[in-house]
Every structure is written in structure tokens, then in C-alpha cells.
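Taken in sequence, the protein lines are chains E, D, L, F, W and H. My numbering puts the first residue of the first sequence at 11, with every later residue one more than the last. My numbering puts the first residue of the second sequence at 11, with every later residue one more than the last. My numbering puts the first residue of the third sequence at 11, with every later residue one more than the last. My numbering puts the first residue of the fourth sequence at -2, with every later residue one more than the last. My numbering puts the first residue of the fifth sequence at -2, with every later residue one more than the last. My numbering puts the first residue of the sixth sequence at -2, with every later residue one more than the last. A short write-up of the structure that comes next.
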Amino acid sequence: MRDDILWELRSDKVKELIKIPQRLDNRELFEYRPVQIETGFSKNAHGSCRIRLGETDVIVGVKMDIAEPYPDCPDEGSITVGAELMPMASPVFEPGPPDQNATELARVVDRCIRESKAIDFKKLSIVEAEKAWFIFIDIYIANDAGNLFDASSLAALGALLDTKIPKLEDDKIVKGEYSGKLELSKKPLLTTFAKINGKIVVDPATAEEKAMDARLSIGTTEETLMSAMQKGGTGSFTQAEIEQCIELAFQKSDELRKLFKVG
Amino acid sequence: MRDDILWELRSDKVKELIKIPQRLDNRELFEYRPVQIETGFSKNAHGSCRIRLGETDVIVGVKMDIAEPYPDCPDEGSITVGAELMPMASPVFEPGPPDQNATELARVVDRCIRESKAIDFKKLSIVEAEKAWFIFIDIYIANDAGNLFDASSLAALGALLDTKIPKLEDDKIVKGEYSGKLELSKKPLLTTFAKINGKIVVDPATAEEKAMDARLSIGTTEETLMSAMQKGGTGSFTQAEIEQCIELAFQKSDELRKLFKVG
Amino acid sequence: MRDDILWELRSDKVKELIKIPQRLDNRELFEYRPVQIETGFSKNAHGSCRIRLGETDVIVGVKMDIAEPYPDCPDEGSITVGAELMPMASPVFEPGPPDQNATELARVVDRCIRESKAIDFKKLSIVEAEKAWFIFIDIYIANDAGNLFDASSLAALGALLDTKIPKLEDDKIVKGEYSGKLELSKKPLLTTFAKINGKIVVDPATAEEKAMDARLSIGTTEETLMSAMQKGGTGSFTQAEIEQCIELAFQKSDELRKLFKVG
Amino acid sequence: MEEIVYVNTEGKRIDGRKLDELRPIKIIPSVLSRAEGSAYIEWGQNKALVGVFGPREAIPQHIQDPTKAIVNYVYRMATFSVPDRKSPKPGRREIEISKVSGEALAKAIFVERFPNTTIDIYVHIFDSNAGTRCAALTAASVALADAGIPMRDLVSACAVGRAAGHIMLDPCKEEEDASDAVDMPLAIMPRTKEVVLLQMDGIISKEEWKKAFELGLKGCQQVYGIQKKALKRKYEEIAEEEAKAIEHVDKQLKEISENPELLRGGNK
Amino acid sequence: MEEIVYVNTEGKRIDGRKLDELRPIKIIPSVLSRAEGSAYIEWGQNKALVGVFGPREAIPQHIQDPTKAIVNYVYRMATFSVPDRKSPKPGRREIEISKVSGEALAKAIFVERFPNTTIDIYVHIFDSNAGTRCAALTAASVALADAGIPMRDLVSACAVGRAAGHIMLDPCKEEEDASDAVDMPLAIMPRTKEVVLLQMDGIISKEEWKKAFELGLKGCQQVYGIQKKALKRKYEEIAEEEAKAIEHVDKQLKEISENPELLRGGNK
Amino acid sequence: MEEIVYVNTEGKRIDGRKLDELRPIKIIPSVLSRAEGSAYIEWGQNKALVGVFGPREAIPQHIQDPTKAIVNYVYRMATFSVPDRKSPKPGRREIEISKVSGEALAKAIFVERFPNTTIDIYVHIFDSNAGTRCAALTAASVALADAGIPMRDLVSACAVGRAAGHIMLDPCKEEEDASDAVDMPLAIMPRTKEVVLLQMDGIISKEEWKKAFELGLKGCQQVYGIQKKALKRKYEEIAEEEAKAIEHVDKQLKEISENPELLRGGNK
């Protein structure tokens, strides 16, 4: 309860400060919190990455597995993104199967990567119509201090850049051996904006998410193309606001992309 | 709450009127509400039908799929009936997996069709012990104004009469193409009676279902054979009452069958 | 509620009496309640046994089925133990999927049997890497009068000793015919102790379980080897207490083993 | 496949019974100590246990009916009770049987005397060979009597069927699998012959149905006799039981008088 | 594989439409008698029903929001509404669409007027061919109006997309499957042009996006016209309806006056 | 298959450790800002995070225990934390470990001081190589201390096992897979040596068991040292932290004094 009142106070303060305009943690409106990247977090994963975006803490692991291709794409593999809002991450998350929020998070990260075509699904084919690689990207939220979309997208990208393809012998996986790195032709990333009292900020922290009317996430690549958009929250955006966000998304994501040396 | 009181009043009125005997909507004791039939409701279904029985609104779709036959009937396909009491259909239905009522509804419609042998399961065989047609009949209740059993049975029959068998090439389905109509050798239908204050009526509407002691559904075919019976509700029937219902079931179902021209 | 107060009174009495030391049902501290064994309880099972341990009533059935071996043990079959605390067994059990208690019970019985190597998993192989026998051991608790661990372990052993292997023809099961008995090279059994007010007793009844601080189950074989241990409850044990329990476990389980003539 | 002779020249069925003959039935009330009422039944190869609890407060509160007790009947089968291993999850068949069986018993119980409560009836089948729902319902009705729940009458159930053109009482599995099989489970309150459970599947004419139905009614009356005998045996044991009960209460009182502090103790 | 001509030399699409042309849309409010508001929509091959309940007390109590109504939007597809049979269980796509659609409508509804309540909007798709979430949202907004729930404006939705380099309104399934496909479902409150739903997938430049977005806005305005017409038609029927309603109330009062004991009767 | 040498002629194990040597252990308390207490542990390849909440009101009310806090321990593994991808659903192993670990901690926590509450301990394994339940329990006990929950003592855990006839501390995966493997996870309250968690599987004689058990006790005591060091490091940071905290409260008070209307604001 005390926790609630504090967040209420902070959220009210956010709405007050934004009029100046100023942010509770003194960031610029379009400034990200500091990002820490730790790849290779889990040796049992084929690729993994832990991202700290301010105090937000996200761990993503990748497992590659062989399965039958979908009948309508017999010469392609695919990706599957899951997300879990772990109960340790916030006093309000509860154990259990993914809820609406976790489902939305996973699906938006999925589209941002999938539609960018950073991974060539045809290269995941092993035997047409019989066997292909499927890439399981699992997102675990360990601490929710705001902006899970961008933190998850960063961690997913980091984990994919870290991913090694298991070695095959007679089209079966040889455990613990690898045949090379997963190829990523670009670095798709989400950039998320919050609209608070009519003002736009990037990378909202928890108090800002509690104060915001609406959220807009934009997936971009380094070729200045967009691969995904998702509006969230019960508020609305004007056309001009959306266009401003698009401009900023290209700009901010380019800064973030520099944090990943490889690829 | 207001809704509850109103139904309570209507139910009490039903119990009063039946002594005359008279029904709340002025129908004869053994008179059905008007039936509207709309086949081909869904193009993506292999067969479909929407039935309006008074204000009761039911949509049934059929999908045929290929699966391995059961080991004890290697040269037969089969049918599978599902039912969903959609939450839009009544203020008291809740979203979620089928409850006892939906399960009973699906299974009684299933037995009425299956046991009538209207569909020859042997003709659904494709390759013995390997492949056979399985017919998925899914019932969706859109508005519950009473007598879901008969409305569902009518809609299921309508959908089956509308069903086209997908074309096969090398024992695989060719999407969007059909090889002919599903063969139905007879038209099995349920006829449902309610016992209210010791009187029997056919096709009970909601207020009558709230007033009734017990329910009896009888599946019949045009050859004056019965394929299913199901008593429901916490009341009881005498032998004489059951025998009266059987007589009436043959009579009323013959009237309903005339509504379907084909077959 | 009355039931609760009664158990509370009994539990308090247990704690009082143990100081003497004495037990509510006048048993010696290391005395089991009477055991009744009824094998072949279910003809549809491949092996079955009903155990009455005092008023505790447990029914175990075994089904053998053919499945693909695990990739890391291609020349082995295995066992799977399930347990259901049926709602009829106690006013506090509820219908639904197995809870923590049922899961722990099943897994401890599983380890006691599996680790004893009483069943040679290699002898369950049919075709390497393709087909092996898997033994499903399902425990149903019909009446919980305490010490479900030992009662379940007795019933599981009884059911396995009763198990006939289905006859195979072309590596497929011939229903209702058998090719011989399942081979058990030893008789693993659990012996369970409760610590009440610092005293150790064997085979705790319900009131004793309500009074106990902690529980210790030890799986043993006739070769004076242990195959499993499991401490339960929110209390603790000293090393000396554990060593005492081990000594007693060998002793008491040997007495129980004599109840099974065969094997 | 070899032709099965469902009824031989001497009028005997596969298992030696006559057309109007039930399989052997054994009912034992009061078999589970933790349940408030219970019964064990063997009906041919069928074996079932029933435990009854209540009337007890319905939880959560919003399911309570202020006009009557809710009869909650749960029919389940053990994984090993059928030829192929059954999934431990309740199937649709089990859910439907639970519904119609609960409705059948609700007619017999004076539910209106226990508003806001549930009467929970848990049934488990451990071995099966056709007719388990009737065996279970028959046993449940005895378990309810054992629990002391006031009823208008017992509910007595049995199935009637057809195989190779013969109408027969209490069909076994092989008869149920006949190519022209009809199966009709039936339950009545025997004193008034009111039908409280009626299901039927298979294709049948009006005339045959009537013959089957009347044979079924006779079967239910026989089952009624067996139920009453089982309960009578139990009541004969009551003198003895009551003596024990009095002794037990005396002991409890003695305990409490010796440990008066227990009365003050926490009631969880 | 044969090359598909997405736009022919006359500027016509696969199904004969122009690039900025919607498929035929038919909306009928008030189609379900048990729901408090409802609508049926046909949008090309898409068919959907919507039922609305509320504002009604949110249960269980701990989910209640003392500052506003919870908008609970449930989007589901019938098993047979798609080319391959869909599992009856709600999938992740259905869950995501439910979330963003509910958020879109929450902006339009005066939720702050109904604290501690839910407004339940149940949508079911019975046939589909691209654009079902927009069709559903469009119909839901009409059903809310039919239920008499006060709103700032209707919510009007349609998708815009790209196929073979052409930006086009309201793509059909074949267009959605183009190798360079972009799909952007959009919903606005038409009077203020505020965007309440926006999703996009596919790879697109800023310039193309702007072209697509503005085409989408135009589409939404057309949908708005269709929604208003459907509601107007309904309100024209209101005189008639109202007359009926008065007659109905009179009948009720008469019933009660003839049976005064009913007022005393139990209210379950 | 090649014979594995579990202990070489110099008494060293596969990974170079001696028989009574733990793998390297690193514990960091206070790593998650939203949890009330937390800890991160690396134990060889094992990596786990723990977050603690409570004591907080147990919901729904009917699960509350008026005599003590409920210790709710949830042990889970990430899908990618094991060689083959694990299903995201909790398995039976995870459920059992959650139960026995929660019971182990309940003994150490002064649960009787917090009636009607739950203490929620959420553990997640992100990488694994044998011994995760012990690593998790060890970290959980540090996280409880970090949350300021009063305890009789820390709980210190480690496993002991056998491979190729050798009793060894803290076995790794390869050792756990030996053909004669025994695995015995153990947890104690180190000050009194009371055993709060004990599980064992594998076939072992009384004599070997005793040797193993005593080696395990020694291991737990070493783990205790590491836990205390981790917490001490944290408490040394407390002066600094406290200074920050005071500054923070001052800032809060300043905020409120500048915006007194905030205190009147809604408390959701």
C-alpha cells in the first residue's frame, strides 16, 4: 500500500514536471537511461544476453531446435518469441501463464525482428518440407523499472547476435558442438515513446508509465526502414505526434545499435 | 439484478398460465417457435448453418480433416462435436473452456447424429489404418432464448447438409477445392420437451426453462426410429409422460425436417 | 468446523502423550498399524493392489504401454508414477490437478522404486531407439488416515509384483493376453517417521501428522541399501535422529516385506 | 471375424446370464473413515468407491443458492480402470455423467432443507465393464443414506440394452459392442417409479424401446432390494456401533475433563 | 509459381476494387436479444457478432477500479472461420488483439462515469478474409452505442497495406500475403482524428508509411459514415420500438396488478 | 563408450576440484530494485536470481493462517537453462523442489510473528549444471536477510554425491550422471546443525551414507561463510546507503511540502 502511494506521488510529480518540461530523473525528453549489456549469460543457451536499462533487468536466451516446416513455407524455418513477467520483477506480477501484457510484449518483439528480415528464414531450412531450424527466443523480465519493450528488444538482439548454430550430424543435433554463428543481416530494435500530459518522452521509467496516456513502440533497422509499430494504452496520438516519434526512433535506435560491436 | 427479477416474474407467470393450459408467448403446448435457416454462413467452413429458433441464435460450422483412424475401427472416420456457450449469448455465460452444460449439449447432439448412422463412417476411410476423414462439428451459441438442444441439432444438420468434401491429391487436401457433397442418408433431429407443473410442452423458451422441473430430448429419424434420449434437470418423468413425448417427437421432427429441402 | 476442533484436540493429546511416551492409538513408538493387502483389485489394470494401513486406504494400478525410448537411453524403458489425493479421502482435499503434496508423494515413491534398480530398465527395451515398455504406476488415495507415503509405497510394490506383461505380436500389444510376469529383483519400500515434540515415531496416523514438526521417509531394500530419502515438514532433524531412523527403516521395512509372499 | 452368439439356444447370454438377469452386485456402506458417508460397490467386474461430504457451506459464497443445497456429483475413472490407459484428466464423458447423475440424486434429496450448502458426492471407478454410471449412482445413493442425508427415496439404477436383436438387462461390454447395440441407462425412485435418469443411444423403434424400458424398470427394482439389504445389514450393526459411539464420547469427555486447557486451545 | 498481378493496367485490384476502395460493409445493430447491446457486421467475407454487457459490477471485487470502468474486450475466432481449423482455445494473436482493441475503445467511452464496473465486449468472428480486427472494432463501437453506453465518439477502424509496391486500402488475404506486404490496422475517433489503435508489420520507409497512414485515415472516415448510417436506421426504428416498449411495460404492470403476490416472490 | 576417470591419481576430479571442494560461489544481495529483498548467485555454472516480497497480506483471505506467515517458495527454470529446451510450464520436479525448499526456510523464519501473511520467495534459474536447488536455497536465504525478514539463522545448502565409488562434495552434472551416482541435497541452519532439507536418490549403504552426510555438513558450513561474507559486504555499504536514504526521504518530504495537494490525491 505504501508502495502504491509513493508511485502515485511520483506519477503526479511526473505530470507536473513534464509541463516545464523536465523528467523525474532529470533526463532529457529524448534521452535513454544507461544500458549495460552482458552477452553469453547462460552457457546452456545457444545464445543469451542480459540487459540492464537503468534498473530494468531483462534476460533473453535463445535455443535452436529442429522441427517440421509449416506446410505453406516448406523451405523455411522460423522464430518463436515468448515472454514471462516474472513475479520477482514487480510487486504486481503474479506467477502463472503469460497474461495479456506478456503476450503483447512477446508478439511485438517478434514482429520487430521477423518483419525486418534480419534472419533469412530460408537459410534455416535443413531438408525441404521435412526439417528446419526453429529459433526459440525466451524473454524473462527480472526487474520492471519501465520500458520492457525496448529492454526486451535490446536483449533479444543481443542474444541473437550471440547465437551459435548447433552442429548437425545426419540432420541431428550434436550436443555441445556448434557449426557457426547465426547470421543477422541487420539489427532491428524497438524504440518506445510515452505521451504524458501531451508531451512525448522516450524510454519511460515506471513512474512515467504510470503517468502516461499512451505508448508508441516503433521497430526500426539501420537502413531507415520500419518493421513494426504498436500503440498501447488507453490514450491516443495525433498524426503529428506519430511522425515526430518516427523521426526520433531512427535517431535513438542508431545510438543504441552502436552498443553492439559485432554483426 | 433487474434482469433476474424480470425472469423470476416471467417464470412464475409461466407456471400459472400452464394450468389453463397456456404459454407465455401464446404458443400451443406442442408448437415450435418460427425457424429461420441460413446455410453457407461461413465460406471458410466446409459446411455451415445459422439457425434462428425464435430469438435463439446458433451458428454451426463443419471442418473436415484427415487423421489416423482409431485402432479398433481402422476402416472408419468419425465425427467430433464441440459446443461453446459464448458469453454474448446470455448475461450468465462466462468466457472459458466448455462447462458441464456445453459438454452435455455437444455430446447429446453428437449421439443423435452418430447413432442414427446418417453418416456412414466407413465411407470416410481414405487409406485403411492410416488415413480417414474426421468431421469437426462446432456449435456456437450466439443468443440463448431457450432450447439450445433443438436449435443446435437443427444447425448441425443444416451444416452437414451443406458440407462439401475437400478434394484430395496424393491423399492430401487441396485447399479451396472440393470433390463433392458429404452424404447423409437421413436427417436426425432432436426434439426437446419441458415438464412444467406436471404439463409437457415442446421447444421451451427461456422463461419456460426457468420454470421447468425437467427436460427430455429425443433424437429421431424419418424412419420413425430413435437414436438418442437424454433427460435433464432435477425433476422426473413418468413412463406415460415419456411415451407421450416419444409420439410427439416423431410428429414434430417430421415438421422440422421439411424445412430442409435437400438430402 | 467440529471436525477441525476434534483434530486439534487429538493433536494436542498426541503431543501430551508422547512425553510419557505413548501414542493416541496405544501403538509402540515403532509399531506399524495393521496392513491388509489385496492384489489384483482391478482386472483392467496390468497389475493392481489395494492397501489398508490402519484406516488409510490406497489403490494402485499399473498399466504398461509402448513408447519411444528417451534419446539418451535408447535401450531402456522407464516408469512414471502419478498420485491423486482424491477428494473422497479427506474433507480438505479438493478435486483438480495434483497439488504440491500429490506431486511430492508421486516423486518420492518413484525414486524409491527407480533408484533401487528393482526393475531393470534395459529389460523393458523392445526395439532399441524405437520401442520400449513404459510402466505407468497410478496411486489413488481413497482414505487419508495418515502416512500416505508408506501406504502408497506398499501398494505400488504390491501392484508391481502383480504386474503381467502384455503379449506382443509384431511389436504391438495383443489385448487381454500376457507374456509373463514383470520381473522385480528386490522389494523397495518406504518407511516414514514423524518427529513429535522431539520424539520419533514410525507410521504416523492423521492426528500424529497434525502434531508433528517434521517427517522423514527412507526408501530401503532387503540388501540393507537405501534408495531414497525425503525430509518433509517445516521442522528439522539432528544427525543422530536421522541415523536412528535409518536403523529403524531397515528393521521395519523387513517386517513389511514379509507380507508379500512372491518375488 | 467370428460371429458372436449373444444368446444361445438355452436363452443364456455370453456370461451365462438370462436376458432379464443382473450381474452379481455387492454393496458395502461406511467404508471410508474420513468421508461423512461412503459406499463400495462391486457390480460384475465394475468396482467403485463413493465418498459423501455435506451439507457443508458452499464456497466461494457467490455460488450459494439461498433456496437449496447444490448437489455436486463428481464421477471419475482411474487411469487403469479401462482396457487402454485413460488420461488422468477428466474427459467429456465423465463431465456429462457427473451432470446427469447429480440431477438424478437432487430429485431424491430434500435439498430445500439445506440452503447455501453443497452436498459433495465423489465417485471413483477402479475397474469397469459396462454400466459404471449405474453402479456409481446406485452406490452414491447408499453413501448418501450412510451420511444421514434425508431423502425421499433411494435412487436405483441399471442399464438395459440390445444385442443381436435381443433386449437384455444390464449389458456387459461385449454386448454393448454389438453392431446393433442400444444402451439405455435408467434410474428411478423405486417407490413412485419416477424416472430421474434416462439416457439412450443406438437406433431403436418405439415398440422395442417400450420393451426395453419396462425390463429396465424391473432391473431397478431388483437393485433397490440389494441397496436396502446393504443398508439393513448396516443398521443391524448400529446397536453395536452405537455402543461404541457412546464409549467414544465418554472417552472424549474424559479427555477434556482431564485436559480442560484443550477447550481453551486455538481452533484453526 | 505464377506471378500475381496485384494491380492491373486499369488500376483495379485482384477483387476489382480501386486502391482506395473498401470492401462492401454491412452493419446491423441490435441483433441479439440477451445482450444489452449488439451488432452484426459483414465486411467483405468477414462476418462477426458482438455482444455488449454493462456497465455491471466488476467481480471479483479486488479487480474493481474505483476511478473508472474496466473495458473488457474479448476477441475470438470460430474454429471454422479460417482456412485451417483453428483450435478452440484462444491463441496469442487473439489475446493481443483483445488488449489493443479494448484500449482503443476505452479512450472513446466515458469510463470515469462508471467506477467499480466492467463493460464486457464479446466479439466472435465466424468467417474471415483479412481485416477482422478492424471489422470487429467497428462493430463493437456500434454495439456500445446500441447498449446506450455514453461515448465521446464512435471508433472507426480499417487497415491499410502494401502489395507489389502499391499502397492500398483494406487489403484482402491474397494482398496480405504478398512478398513485400505491409499491414497496418488503424482506428480513430473520427471527429478529432485521434489515433486510438495503430499496429504495423512489414518493412516500410517513412515516406511510404505516411502515404499509407493518410489513406488509412480516409478509410476510417468512410467506415464512420457506414456506422452512422447503421445507427441512424436503428434510431428511425425507435419510434416504433418505443411504442412497443410502452405497451410491454403496460403489460408488465398489468401482470403485476393481476398477480400482486409476484412482487413478494423470491428474488434469486 | 570411453571410461570416464572421475577422480585421477592426484585425487582431482573432472573439473580439477578435490573431493571435498565446492565450486566457486559468488553471491550478491540487493540486485533487484522492485523486490523487497533479492540476491544473485553464481555457483559454478549455475546462475540464479531470487526476489522476496512480504510479509504481505495473504490473498484470497481463506488461505490466511492466523497463527503464522505462509512461506511461498516458487522455484522455476528458464527454458534455456538446461541442455534441451525446457517447456515454459512448471514441471513436477520444480513443484517438488518448491515445496521442500519452502519448508526448509519456514523453519528459519520467525513465521509466527506475521500471522495472516505470505512471504513470497521467487527463484529463477538461468543456467544450470547440477546443484541448482541448493544454490537457489542459499541465495534465497540471503535475499530474505536482504528483505530484513527476521530469521533464527541463515539456511545453507549444498549437495553431496557419489561417482565411481567416491563420495564427493557438490557434484557437477557429469558426476551426477555416473552409473553408480548418488545425489543428496542437504540444507542446515549452520549454528545448530539442524537439518532442514534432506533428499537422497541413488543406492547407498548406511556406512557410505554417513560419510557423505558428514561431508555435506562441512560443505554447508563453507557455504555459510560465503553467505555471511556477502551480507557483511552489503552491511558495510549500509553507512553509504543510509546516507543516501536519508537524502531520499528529505527529497520526498521536500516534494510533498512543495506539493501539499499530493497528499490529498487518490490512493488507488
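For glycine and all other residues, C-beta sits at the position ideal for the given N, C-alpha and C. Computed from a prediction, not measured in an experiment: that's the story for all the values here.
- Judged by beta-carbon spacing, E/F144 lies within the 8 Å limit of E/S88, meaning their Cβ atoms are closer than that value.
- According to DSSP, residue pairing for L/N153 in a beta bridge involves L/D67.
- Under the three-state reduction of DSSP output, H/R14 falls in the coil class, being neither helix nor strand.
- For W/T76, the number of other beta carbons within 10 angstroms of its own is at least 16, and it is reported as buried.
- For D/R62, same chain residues with a beta-carbon under 6 Å away, outside a window of 5 residues either side, are Q46 in chain order.
- Below the 8 Å Cβ cutoff, chain W contributes A75, H121, F123 as neighbours of D/Y150, in chain order.
- Around W/M197, the beta-carbon contacts reaching into chain E at under 9 Å are R121, E125, I228, G229, M236, S237, A238, M239, Q240.
- Residue range 89 to 105 is occupied by the alpha helix (DSSP H) that includes W/I94.
- Looking at the DSSP output, F/R53 shares a beta bridge with F/T115.
- Listed along chain E, the residues sitting closer than 7 Å to W/L194 by beta-carbon distance are K241.
- With respect to the C-alpha of F/V179, the residue from D/E125, D/T216, D/I149 having the closest C-alpha is D/E125.
- For L/Q110, the chain H residues whose C-beta falls within less than 8 Å of its own C-beta are I92, E93, S95, K96, listed in chain order.
- Taking 8 Å as the threshold, the shortest C-beta distance from E/E26 to chain H falls below it.
- For W/G48 against D/M98, the beta-carbon gap comes to about 3 Å, under 8 Å, which counts as contact.
- Listed by position along chain L, the residues whose Cβ is nearer than 9 Å to that of F/V79 are N54.
- Here W/A32 is not near W/I24, since their CB atoms are 8 Å or more apart.
- Nearest C-alpha to D/R20 among D/K197, D/D223, D/A215, D/N157: D/A215.
- The count of Cβ pairs closer than 8 Å, one atom from the segment 63 to 83 of chain H and one from the segment 153 to 168 of chain H, stays below three, leaving the stretches out of contact.
- Under DSSP, D/F203 shares a beta bridge with D/V212, D/L226.
- The segment 207 to 224 of chain F and the segment 147 to 160 of chain F touch, with no fewer than 3 CB-CB distances between them shorter than 8 Å.
- Under a criterion of Cβ atoms nearer than 9 Å, the residues of chain F adjacent to L/K185 are, in order, P80, D81.
- F/E172 has a beta carbon lying at 8 Å or more from every beta carbon in chain L.
- Annotation: the continuous beta strand (DSSP E) that includes L/Y188 extends over 182 to 191.
- Contact between E/P198 and E/A128 holds, since their C-beta atoms are separated by about 5 Å, short of 8 Å.
- Contact note: L/I252 reaches chain H through V192, L195, F210, using a C-beta cutoff of 8 Å and chain order.
- Of all alpha-carbon atoms in L/L192, L/T202, L/L171, the one lying nearest the alpha-carbon of L/G50 is that of L/L171.
- Just so you know, the alpha carbons of H/G13 and W/P80 end up roughly 59 Å apart.
- The beta-bridge partner set that DSSP reports for H/C155 consists of H/L183.
- Along the segment 99 to 112 of chain W, going in chain order, the ones with a CB nearer than 7 Å to a CB of chain E are E100, A103, K104.
- Around L/Y80, the same chain offers E86, S88 as residues with beta carbons nearer than 8 Å, after the five sequence neighbours per side are excluded.
- As a beta-bridge residue in DSSP terms, F/N69 pairs with F/D117.
- In terms of beta-carbon proximity, D/F146 lines the interface with chain W, with at least one pair separated by less than 8 Å.
- For L/I256, there is no enclosing beta strand (DSSP E); the enclosing alpha helix (DSSP H) covers residues 249 to 267.
- Think of a sphere of 7 Å around the beta carbon of D/E114: no beta carbon from chain W falls inside it, the nearest being about 17 Å out.
- E/E140 places its beta carbon 8 Å or farther from that of E/E179.
- Look at H/S202: its C-beta is under 8 Å from a C-beta on chain L.
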